[in-house]
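Student:
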Amino acid sequence: MAHEKQHRFILSACERFQGLIENAKIVEIGSQDINGTVRDCFQGCQSYLGIDIGAGQAVDLVVPGELLELPSEWATIVISTECLEHASGWQEIFATIIRITSSGGLVLLTFAGFGRPAHGTIDSDSASSPFTNHYYKNLTPHHLLDAIQLNQYFSDYGFEVNASPGDTYFWGIRSSNPWRKRESSEILEERLARAQGQLAQAVEKISKQEELYAGFRDLEARIKHEESQLQDLQAQLATTLGQLTTRTADLERVQSLLDQKAKEVENKIEEVKQLQDVIARKEQQSHGLLEQLADIRLDCDRAIDSAELAALRCRSFELESERFRIERDQLLQINSEYRRQCHRAVDLLYRIKAFSMTSDAVKSQRSSR
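All residue numbers for the sequence shown refer to the numbering used here, where the first residue is 214 and numbers rise by one.
#1: Quick one, are the C-beta atoms of L363 and I290 less than 8 angstroms apart?
#2: So what does DSSP say about D246, is it helix, strand or coil?
#3: Got a sec: is the Cβ-Cβ distance from P330 to anything in chain B below 8 angstroms?
#4: Within a Cβ cutoff of 6 angstroms, which residues of the same chain sit near W303, ignoring the five residues on either side of it in sequence?
#5: Taking only runs of the alpha helix (DSSP H) that begin and end inside the segment 348-384, which ones reach a length of at least 4 residues, in chain order?
#6: DSSP state of M214, grouped into three classes?
#7: In whole angstroms, what separates the C-alpha of W287 from that of S260?
#8: Does DSSP put L454 in a helix, in a strand, or in coil?
#9: Can you check DSSP and say which residues form a bridge with F324?
#10: Using the C-alpha atoms, what's the distance from L443 back to M214?
#11: Do three or more CB pairs link the segment 246-261 to the segment 214-226 at distances below 8 angstroms?
#12: Kindly indicate which three-state DSSP category S285 falls into: helix, strand or coil?
#13: Could you spell out the range, first to last residue, of the alpha helix (DSSP H) harbouring L233?
#14: Under three-state DSSP, which class holds T181?
#15: Under DSSP, the alpha helix (DSSP H) around I266 begins and ends at which residues?
#16: Of all the options A331, L262, L321, G267, which has the alpha carbon lying nearest to the alpha carbon of F230?
#17: Taking S589 as the reference, give the member of I313, E483, A376 with the closest Cα.
#18: Do you know offhand how far T345's Cα is from G317's?
#19: In the DSSP assignment, what are the bridge partners of S155?
#20: Where does A300 land, buried or exposed, given buried means 16+ other C-beta within 10 angstroms?
#21: Within the present structure, is the beta-carbon of V251 separated from the nearest heavy atom of the ligand FAD by less than 7 angstroms?
#22: Exposed or buried, which one is A434 when buried takes at least 16 other CB atoms within 10 Å?
#23: Looking only at DSSP bridge pairs, what is R553 linked to?
#24: Could you tell me the alpha carbon to alpha carbon distance between G333 and I247, rounded to whole angstroms?
#25: Taking the alpha-carbon positions, what's the E465 to E496 distance?
#26: Are L262 and I239 touching if we call contact CB-CB under 8 angstroms?
#27: Compute the Euclidean distance between the alpha carbons of T461 and T453, then round it to the nearest angstrom.
#28: Can you tell me which of the three DSSP states R538 falls into?
#29: If you check the beta carbons only, do F383 and L357 fall under 8 angstroms apart?
#30: Quick one: measure Cβ to Cβ for G379 and R329, integer angstroms, because I've assumed they're closer than 8 angstroms.
#31: Going straight from the alpha carbon of G501 to that of E535, what length do you get?
#32: Since I386 and D359 are thought to touch, with beta carbons under 8 angstroms apart, how far apart are those beta carbons, to the nearest angstrom?
#33: Which partner residues of V291 appear in the DSSP bridge assignment?
#34: In angstroms with no decimal places, state the Cα-to-Cα distance between R538 and N548.
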């Protein structure tokens, strides 16, 4: 496969001739998968044989297309995509395609046409056709019409020319006319030798495939054994799943309880945060109160000092008062003594005055005498 438009042509043909594909024997000439393959377009076929001149991906048999010695009318569908422009013997390849296609079978060809740039050569993109770097030729419908009488070998056919990228597409329904070509005994002998060689190659591939099939059978037996074990495991798994379902229900209930507890814890945490905020505020208030208390204590200390000083002053005043009391008592005693002395003096004065008066009276009496 070279590009998307060529791929769409193949898909369109598959859709149009879907009835031929089911259980068909398909041959593809130039089948190496370089940048895609059309093999996947033919689902449901009986067999699919890929032919190319070199080994590679999607190549089942290594042989030039013009030398392919499959039995005449063996294939139901023969395909060749983006191959003929790289093959110098493209006429012989086309003849082989006609020979091996059964009556009523389908031929599908795509090849580079007029205006297509060269590719797959040593002076272009050699990777596009790694086995044929030394030949290239664009082909048109006229080349096929000039090479073979298509009306003789196809009951119906058609060409499509795609100007961009410059491709020619061909489809044809094989008629019942067999391919006839007179060949000498030497050519027939050569063809027989080639057929034997191709058969040997096919037998070798079949032998390898049989080994693969044996491996597949062993693998199938192991798979069956594994399937049996798998069924046991599935039964155990079903039991485990039942237990798991029960456990899941329990876990869901536990999860529900945990969610409730988590909600309660969140509420408690929120309350604790609120309490922490309150405590923080109280601590701030306490800090302020402590500062006030410190100030009050300082004031108290000062008051105590003042009180002690006042007490000392009171004590001194008391002592001074006591001294004054003692002195007062002494003064009172002195005053009392003074009063007694005064009374005594007054009494003495009275006595003296009385005595004086008595004396004067006596004197008067004496004088009168």
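Just so it is clear, CB atoms sit at the ideal spot from N, CA and C, and this is done for glycine as well. A quick note: this is a predicted structure, and the numbers were derived from the prediction, not measured.
Tutor: Taking the definition as stated:
#1: Between L363 and I290, the gap from beta carbon to beta carbon reaches 8 angstroms or more.
#2: DSSP places D246 in coil when its eight states are reduced to three.
#3: In the displayed structure, chain B is absent; only one protein chain is listed.
#4: Annotation for W303: L297 place their beta carbon closer than 6 angstroms to its own, counting only its chain and skipping 5 residues before and after.
#5: Correct list: 354-360, 363-366.
#6: Below a pLDDT of 50, predicted positions are generally treated as unreliable, and M214, at 49, falls in that range; the measurement from the model is reported next regardless. Residue state, collapsed to three classes: coil.
#7: Our two residues, W287 and S260, have alpha carbons roughly 12 angstroms apart in a direct line.
#8: Annotated three-state conformation of L454 is helix, per DSSP.
#9: F324 is bridged by DSSP to T381.
#10: The predicted position of M214 is uncertain, since its pLDDT is 49 and thus under 50; a value taken from the coordinates is nonetheless stated next. Straight-line spacing of the CA atoms in M214 and L443 works out to 42 angstroms.
#11: Contact holds between the segment 246-261 and the segment 214-226, because three or more Cβ pairs, one in each stretch, are under 8 angstroms apart.
#12: DSSP places S285 in coil when its eight states are reduced to three.
#13: Here the alpha helix (DSSP H) through L233 covers 231-234.
#14: This structure does not reach residue 181, given that the chain is present from 214 up to 582, and the question cannot be answered.
#15: I266 -> no alpha helix (DSSP H), and no H or E assigned at all.
#16: When each option's Cα is compared against that of F230, the closest is L321.
#17: Look at the range of the chain in this structure, 214 to 582, and you will see that residue 589 is not part of it.
#18: Going by the C-alpha atoms only, they are around 32 angstroms apart.
#19: Nothing can be reported for residue 155: it is not among the residues displayed for the chain, which extend from 214 to 582.
#20: A residue is called buried once 16 or more other Cβ atoms fall within 10 Å of its Cβ, and A300 is buried on that count.
#21: The model depicted lacks the ligand FAD and carries no ligand whatsoever.
#22: Exposure of A434 is indicated by the presence of fewer than 16 other C-beta atoms within 10 angstroms of its C-beta.
#23: DSSP lists no beta-bridge partner residue for R553.
#24: Rounded to the nearest whole angstrom, the C-alpha separation of G333 and I247 is 11 angstroms.
#25: Their Cα atoms are separated by approximately 44 angstroms.
#26: Going by beta carbons, L262 and I239 fall inside the 8 angstroms limit.
#27: Near 11 angstroms, if we compare the C-alpha coordinates of T453 and T461.
#28: Correct three-state label for R538: helix.
#29: For F383 and L357, yes; Cβs fall inside 8 angstroms.
#30: A Cβ-Cβ separation of about 3 angstroms places G379 in contact with R329 under the 8 angstroms criterion.
#31: Roughly 49 angstroms between the two C-alpha positions.
#32: Not confirmed; about 21 angstroms, so no contact.
#33: DSSP lists V240, V320 as partners of V291.
#34: In this model, R538 and N548 are separated by some 14 angstroms (Cα to Cα).
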